[in-house]
Each structure stands twice: as C-alpha cells, then as structure tokens.
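This report concerns only the one structure given below.
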Amino acid sequence: MRQLVRILLPLSFCFWGATAWAGGSGLNVVVVVNQNSTNSVQLGNDYCERRGVPPQNLFRMRNWTQGPVNWNFSDFVADLRDPLLAMLVARNLTNQISLILLSMDVPYRVVNGSSFNSTTSALFYGFKPDDPSPDPNVMPDSCTLPDLSSNSYCYSELPFTLARPNTATTNEFLVMMLTGANLADGQRLLARGVASDSSFPTQTIYLEKTSDWARNVRFLEFDNTVFESGLSGFNTPIRIESNSTSFTDLLGLSTGLANLSLPNNAFVPGAIGDSLTSYAGYILENNDQTSLLAFLNAGASGSYGTIIEPCNYLQKFPDPIVYFYQQRGFSLAEAYYQSLLNPYQGLLVGEPLAAPFARPGTADWSSLTNGTTLAGTASLTPSFVAATQGSPFDHVDLFVDGTFVQTLTNIPPMAGNQLQVTINGNTIDYQIPVGATLWSVTAGLASALNAHTTTTRVQASPIGDRIQLQGLDITNAGNAVLVSANASAGTASRLTTQLTPARDAFLDSIAIGYLGVLITNSPGVGDYLRFTFAKTNGTQVTVALTNTTPGMSIATFGQTFFNQINSSPALQSADGCYAADLYVDSTLAYFMVYARSPGWAAAQATVTLTASGNLGVLPPGPSPLEDNLSDLRPRNHLLLNSGLTNLAFPFQLDTTRWPDGSHELTAVAYEGSSVQTQTRVSRTVRFQNAGLSATINSSPSGTNVPLEAPLQVRISANTSNVARIELFSTGGSIAVVSNQPTAALQVPSTMLGLGLHPFYALVSDTAGNQYQTEIIWVRLVPSFRITITTSPPTLSWPAIPGRQYDILSTTNLFTPFQVVDSVTATNSLILWTIPGSEALTSFYQVRLQ
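Pasting the structure below:
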C-alpha cells in the first residue's frame, strides 16, 4: 500500500461494588498514595472502598514531599518503582496485579537528563529516553520517536497479561492517575467512573476534524474506527468537521485544538475525550493550552495529554479506535493503552476500571453461606451463568482474603473441535489442534482462510480473538460477499469453541479515497506543474500551472496550484475530485486529493503529476486514490471465544493451608474472549482446625470515628500462650505485640487517613497455631463544627462531597432525636435551611452516614 506523505511539526508553536469488571477488578489493582498528602490518602481510600481493593493492595509512598509535578528519574525509582515492585513480591501479589492507580499528588512528569516521560508511562513499560536530535536548533529533542518506545500491546486486542509490552524493562502495568485540581474533582471523577459500569450508554461519539492543520491529523484514523464500529453493530462514531466543542451528553470526543472550552455536562459517565495538542498533560502548572483536566471536569471518565512537546506524531496520541475497544467491553485503561503506540510522553488520567460496556454474568456459591464453618478439606462448588450465549466463561480463579491462590478450571478450545467457514460458496474447514489457545486458534484459522484467498478473494487478518476479513475483488460489492460460520464438537467430547461472523455479508466502506501529493523546491520562470485526473469512466481532466514570476516561492506556487485544482469545473461532478488539507512552507507544498464519492470503486480514479525544471513531485506516475486502501475494501469480522455459558465447578479446599478464623473466599470467572470480563462471587467463612481463637473490637465502637479521636482496637485470645498479635488495616500491618494474650493497640488514624478501613488481627500461639479474627470496619471521618445563622435560620457545616448527612431534631432534650432530613454533599460545605416553624423550638444534630 502506498505510504501517505506526512509533515511532522512541533505542536506548541504550530498552528466492593458490582460483580463484573472488564479486564480486571479491585483484586488486580494496587492503589499508590502519597503518604505526605492527606488528599492523596483520602482519595486512595475512597478508591479502595468503591472498587473493593483488598487492604494489602494499597502502597504508601512515604518520602516524597516536593510537589505533584516533576521528579527526577532517581527519585521515581527510589520512592515509587523499586519499593512498589518489592511490595508486590513481599505480599505475594506478582501474579495478580496488572493495574496501578496513582492517587493524586504523585508527580506526573519524570525527568532524566534531557528526556521526559510521564509517570504513568514510566510505570507502564519503563522509562524511554529520547533519541538524540540531529539538529537541536531546529527540532526539540522530544520530537523523535525512539524504537524502544513502541508499545506492542497496542492494537493487540489481547488480555494484558498475555500481551505485555515487549519493550518493557523492569515493569509492565496498566497505569492511570486519579487526580484533579482539588480533592472534590478527584472524587467526582471516581464516582462517574464507577457509575458507568455496565450502563451501556447510547450517546454520541464525535470524531472531530478541526481547521488546525497540525492538530487535526487524527482524521486519518477516523474511517477505520467508524468502519469497525459499524460492522460490529456498535454505537458508530460520527465524523464531523468543526472547531466547536460546545457539545453535551457525549460518550466520546477526539479533537485537535490547542484551546477549547467544554460545558460541565459535555460527557456522560464512562466517556473518553482528549485533544491532540502539545501540553494537555500540563495539568497542574502554567499552561497556555487547555489541559486534559477540562475533559474530566466536563464529565469524561478518562483523558490523555502529553507532558512535553511531542510533535504531531500520530503514534504518540490515542487512536480513535479506543472507542471500538471500549464498546467491545474493555476497561478504560485497557482501551486507552491499546490505542497508544508510543505513549512514553503521555499522561493518562481517569478511572481505569470504568467499563460501560462490560457484560456481567451472574454467580452463586452452592450451599455456602456467609458464616459457614469449614474444617479440613472442604468440598465447594461455585456456579456461573454468562450474560449472553456469546460471552461464555473460559476459566475460574480462587482468591482467599483478596489474594490469588489458584486457577480452579480452564476451558480452552478443545482439541478436535471443528470450525467451518464458507465465503463466496467456498468452504474452509479447520480442526483445533492439541494445546491450542483461543488466540492460537484465531491465528490458525486466519492462516487456513488465507490459503484459499485466490478462490475466496478475501484476505484474513488475526487480531486478538477476532479475524478481520477484507474483500479483494473490487468488482464484487460487499453485500454480495456472503459469509457463514459454525463450530461443532468434531472428534472432541464436547464443544467449547464459538465462531460467529459479525454479519451474513460484507459491509461496504463509506470512506472516501485519497492520495497525498508533495511538491518540493521553488519554481524558476517557465517551470510548470501538471495535474492529470483520470476518471473511472476514462475521461481525463488536466490542470496546469506555469510560473511567470521571478522569485516565486513554493508556498505561493503550491497554494495557486491547489486553488486551480479546486476551481476546475470538470472536477466538480460526483466522479471528480478535490484538494484539501494544504500545508506549505519555504521548501514544499503538500495536500491531499480526495474522490468526490465514497467507496473503493470511486477511488480507482488516478492522479498523474508532472513537473519541470527544479520542481519535484510525489507520487509522479498514475496513482489511484488509495492511500487508505484498507479502509476502502469491504469488511467483515469472524468472532471467536471459548468456554461454557453455564459453569459449575466443584473443587476441594484444604483449609489447613490458612490460619483458623475468618476468611473471604472469592471465585472469579472470566469471559472467554480477549475482554476477560470478570464475574465474581464471595463468601465470608470461618476455618476451624485447632482450638485457638480470638475476638476483636474497637473503642470507641461504631461505624464513624473522628480522625482526631483516639482509636483503639482490642484483641483477646482464648489462651495465655500467645506469641504474637499483629493488627492489619488498609495498606498492611499497622501494629504488633508479643507474648501477651490480650492487646489494646492504638490505631495510627492520621496515617490511615479519612475513609473506610478494615481492621483484623492475626494471633499466633507458641505452638505455631494461628487465628485470623473477623474484620471490623471503621470509617474515619473529619470532625466538623455546625454553625447556625439567621435570616433565614440555616445550619452549615464542612462536608465530604458525595457523602450523605442526616439532620436529626427534637423539641425536648430528654426525648430521642429523630431524622428529619438527609442531604448528600455536592461540595465541601452544606447549607440547610431550618423550616420556619421550627427555628425557635427545636434542637439539631448532624450525623454522617
């Protein structure tokens, strides 16, 4: 395929909740908090609560005090990367964690000499130094595209655990930052992400081509996104040409503007929005461009921006195919990283687990209820039912107390299953071999189909768990290319493979063919350019321009030639063409020639450029308008998955592997596709294999305890021969005592921070027996003073955005207070007007729910 000529320019001076999560859940997340920022700690605690992150999955970054913008590579390594990796090993989480959430006030730019990476990318696949610039006076060092900055996970449509970037060095994680200009912004961002789960929004996605030449370059990728989405029956993005961003209720927006404004309700929960510009990643510093926070403040759940001048390399910005991935069911973090080929200079901010198109199944745990006592080897049977026939489960994992233990069952495509595809009347059979995976079957079937390309006139390309089919016969319209597919058990004992075409016939493209044209050098007097356009009916139209002016610049000559093509009457009809997207400078003129009608057939018109003298032209010979050939050919998809839609799996659990006492058992089933949506079911049970036991309680008791109040947790064992009592909460161990059967341990409330915290203890006796107490939950809340004002009488108090407060009243202090109203805080201060008839006769209390 002919390569499109592009001009690269610096842009700065150029114009515990739901039961299913796509590609991960709180079990697979480590939350990083900056212990020296109360906002970071509180937001991290909120995330753990809202997403069911186990307490051992919180990492406290203890030594950073120098602000949330920049840090040196050595500080990044010493304060975050290496301690985080060590924590994963120490807590037995290396086989479990695929996603890192950076809670606000963690620096977002890593500086290493003259190279700059975002912190999210440096944790994603390691720090990537820029290539040396051949001429730093002309082009900034950051305007390069280092080979080692390529992200092999991009476009893979594979589970991240199977497609970690091959350029990674010491670490590979999906990393996003949850932040905002203040804590309330971060909390709203979290709330909207959680609210989006499985909401299946139908709002509009706009792919906006702006008049900003340097920043609108993503329009080259729009057609592929529209084609793939429409073919899959998704909410098809709409291409528009505009500089406006005054939209409301959008599911997505890809634009290219240095400065923009968005209304507060521009996006629905789960939306993705970003602009291709230089400094959208300058989120908490002086910036003469609009930062990515504008998209988040307008309601988006995720956005992206670069933290240094990147130039307008498409590879450094999200491909709009991100919306196709999201609608497949991938989480926001997965969708974004799969759309970023070279993300090393880019900052990703948002709620990484947001998954508006995840398809949750249902789950139960047969005959196992909360509080059941188990001893010895227990027989257990979790059961799962898929959301649809097209989303079976292919494996089940067991977690105990939030830590991965083992895979209980694995149901890949079974050897001997028979797949059959019929295209244009040609039938191709494929038998699944021994040891196959879903993804090897996809590649094998695509290879089998390509062995018959000469008869089917169709090319097959494996992409993760699907096969993209492209028609190769331009004389055959897409709706005439019929496809059927089926799977059977074949020689296997059962069928565990599904194969489905997206459509019964191929879909024709609505893309418009184009050709990039480049003219170089300045013309002398008498030099000419000739543009010959051969229509598909054989008619030729010629536009010619001869220079008669000494000292004519290539910019002026190219602009005149461009205008002359567009003013030619013979090119105005539906079988003609037009020129657009002009760029000129002192050495060249570049523009694109478009067919005036969509589709592959219209793109068969050809352009021939000829020039004289000093002028150079590309391409010179007859060239069809097929720079976007893959977007012009008819397409279809074959979709593969594996597993069973109804799955009940009995297994034996040796309870002696864990301490006696309270434990949470969680079985997680995964959708048998690349999306790997999780469905999970949990039970809190008690193991009892020895005589040791213990109790736990807190003082003061109750759900809400002021952060400033002394908080003790008391543990009492049922024996005197106790060797050790260790208290755990959010982030791991918080206190230890030795050689005493009871303990009253002071809780470091300030370290834990505001939010909901679990407390449990591990008691060990001198014989080596251990007992894990039940979990008690305490919410550390801020102390607040209620004030009253008159005219009208009003109560006011500082509040936590998103939390509910009860107002209680009584007319007699010797009678109980009763709830008279409940208010959910929308900002950091609540004002509640006292009903006029009660102002002088009642007493009031306020209670945090």
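Those letters in the sequence shown? Residues 1 to 849, per this note's numbering, in order. Just so you know, even glycine gets a beta-carbon here, dropped at the ideal spot from N, CA and C.
Taking Cβ positions, are residue i and residue j nearer each other than 8 angstroms?
i, j, result
"D585", "A611", "no"
"S121", "Y344", "yes"
"N417", "A354", "no"
"Q35", "V41", "yes"
"A605", "T532", "no"
"F76", "T119", "yes"
"Y313", "L253", "no"
"G613", "G478", "no"
"L304", "D274", "Here residue 304 is Tyr; the residue named in the question, Leu, does not match the sequence. For Y304 and D274, yes; Cβs fall inside 8 angstroms."
"L101", "M176", "yes"
"L640", "R359", "no"
"L647", "S383", "yes"
"V110", "F73", "yes"
"V543", "S573", "no"
"L665", "V349", "no"
"A271", "T306", "no"
"L727", "A761", "yes"
"Q849", "R785", "no"
"Y325", "A335", "yes"
Is it right to say residue i is buried, meaning 16 or more other beta carbons lie within 10 angstroms of its own, or is it exposed?
i, result
"W365", "buried"
"V89", "exposed"
"Y51", "Strictly speaking, residue 51 in this sequence is Arg, with Tyr absent from that position. Result: buried."
"A22", "Caution is warranted here: a pLDDT of 49 is assigned to A22, below 50, making its placement in the model unreliable, and the coordinate value is therefore given only provisionally. By the neighbour-count rule (16 or more Cβ atoms within 10 Å), A22 is buried."
"V69", "exposed"
"Q498", "buried"
"V53", "buried"
"R215", "buried"
"I238", "exposed"
"A595", "buried"
"E708", "exposed"
"W64", "buried"
"G599", "buried"
"R680", "buried"
"R847", "exposed"
"A86", "exposed"
"T841", "exposed"
"G516", "buried"
Within 7 angstroms: the Cβ of residue i and any heavy atom of the ligand HEM?
i, result
"L644", "Among the components modelled here there is no ligand, and therefore nothing to report on the ligand HEM."
Which of helix, strand or coil does DSSP assign to residue i?
i, result
"K209", "strand"
"P624", "strand"
"N28", "helix"
"R188", "helix"
"W21", "Interpretation of W21 is limited by its pLDDT of 42, a score under 50 that renders its predicted location unreliable; the figure taken from the coordinates is listed afterwards. Here W21 sits in strand by DSSP."
"N34", "strand"
"L848", "strand"
"I807", "strand"
"V322", "helix"
"R680", "strand"
"F651", "strand"
"S568", "coil"
"M177", "strand"
"V138", "Annotation note: pLDDT 49 at V138 (below 50); position unreliable, coordinate value reported separately. Residue state, collapsed to three classes: coil."
"C311", "coil"
"L4", "Because L4 sits at a pLDDT of 34, beneath the cut-off of 50, its placement in the model cannot be relied upon, and the following sentence gives the value as read from the coordinates. L4 falls in the coil class under three-state DSSP."
"F15", "Bear in mind that the predicted position of F15 carries a pLDDT of just 34, short of 50, making it unreliable; the figure below should be weighed with that in mind. In this structure, F15 counts as coil in the three-state DSSP scheme."
"D527", "coil"
"N112", "strand"
"T719", "coil"
Assuming residue i and residue j are in contact, meaning their beta carbons sit under 8 angstroms apart, how far apart are those beta carbons, in whole angstroms?
i, j, result
"G376", "T656", "7 angstroms"
"P700", "Q770", "With 8 angstroms as the limit, P700 and Q770 do not qualify as a contact, their Cβ atoms being about 29 angstroms apart."
"N697", "R714", "6 angstroms"
"L582", "F562", "5 angstroms"
"N287", "N151", "Going by Cβ atoms, the distance from N287 to N151 rounds to 26 angstroms, so no, they are not a contact pair."
"L296", "Q187", "Their Cβ separation, rounded to whole angstroms, is 12 angstroms, which puts L296 and Q187 out of contact at 8 angstroms."
"I725", "V763", "5 angstroms"
Sufficient close CB pairs (3 or more, under 8 angstroms) joining the region 211-225 to the region 621-634:
yes
Is the number of C-beta pairs between the region 231-247 and the region 256-263 that are closer than 8 angstroms three or more?
yes
Inter-stretch contact at 8 angstroms, needing at least 3 Cβ pairs: the region 826-833 / the region 796-811
yes
With a threshold of 8 angstroms, are at least 3 pairs of Cβ atoms found where one atom belongs to the region 443-461 and the other to the region 424-432?
yes
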